[in-house]
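A short write-up of the structure that comes next.
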Amino acid sequence: MQRSMKAIDLRNTNELKRCNKRHEVKYRELEMKARESELLRSSLKKLEGKLSEAEKARRWESRNASADRARTALERATRAEKLLNAMAQSLKDRDAIIRRQSMELQRLREDQGKREKASAAARRGDEKEHAVPDEVQTGREPGGVLTSVRTEILEKALESRDAIIKSLNERLTYMYRATACVSSSGGQDRSGEGHQSGADRRPSREETVSS
1 MQRSMKAIDL RNTNELKRCN KRHEVKYREL EMKARESELL RSSLKKLEGK LSEAEKARRW
61 ESRNASADRA RTALERATRA EKLLNAMAQS LKDRDAIIRR QSMELQRLRE DQGKREKASA
121 AARRGDEKEH AVPDEVQTGR EPGGVLTSVR TEILEKALES RDAIIKSLNE RLTYMYRATA
181 CVSSSGGQDR SGEGHQSGAD RRPSREETVS S
């Protein structure tokens, strides 16, 4: 009886030892898995931090690129505005010159009309007396040739003035449209206030050119 009890106790003790060993092995495995999960968790946090930094860097690069595009568009619009102002000033100067030439042409025409009337009256009077000089008989005065030449030159200047004004107006219209397109594309990256201020300036340039 005692032997059987001892055998049972020994068997139970051995079984308990084997169970304890199995539990220890499982416990070590669980500890290793816990360490691995902790390492994975820390690696995931690091990756999330790097991803956040990369996203911030990408946003800053996008903002810098947008700012560069806006700055480039603003510089182009400024250069186009200066060019338009210079062309408008040149057109004003040419228009003033041609206006003076037009006034001079009108004055010359009036003087020529007066001379022609005086010549006609003198010719009619001299025909009665049969003593008309050669220049009066031909309907000319000593300065008539020079006056007609100047008149022809000024008429050609007026024609060229009309052609120049037409060409400059076409160029100014094209430059204004190009400036408007550039400013509108650059305005998508700028604030609305700057876009409004640019829109307020351009009509004044068009009014300056049309004047």
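With the numbering used here, letter number 17 in the sequence shown gets 17, and the count goes up by one each step, no holes. Note that the Cβ used here is the ideal one computed from N, Cα and C, for glycine as well.
Apply the 10 Å Cβ neighbour rule to residue i and answer buried if 16 or more other Cβ atoms are within range, or exposed otherwise.
i: residue 16; result: exposed
i: residue 91; result: buried
i: residue 77; result: buried
i: residue 88; result: buried
i: residue 73; result: buried
i: residue 80; result: buried
i: residue 7; result: exposed
i: residue 52; result: exposed
i: residue 119; result: buried
i: residue 10; result: exposed
Can the beta-carbon of residue i be found closer than 8 angstroms to that of residue j?
i: residue 155; j: residue 108; result: no
i: residue 98; j: residue 171; result: no
i: residue 94; j: residue 153; result: no
i: residue 47; j: residue 175; result: no
i: residue 101; j: residue 157; result: yes
Is there a C-beta anywhere in chain D that falls below 8 angstroms from the one on residue i?
i: residue 174; result: Judged by its chain identifiers, the structure shown contains no chain D, having just a single protein chain.
Considering only heavy atoms of the ligand NAD, does any lie closer than 7 angstroms to the CB of residue i?
i: residue 106; result: The model on display carries no ligand, and the ligand NAD is accordingly not part of it.
Alpha helix (DSSP H) segments (min. 4 residues) lying fully within the region 43-79: none
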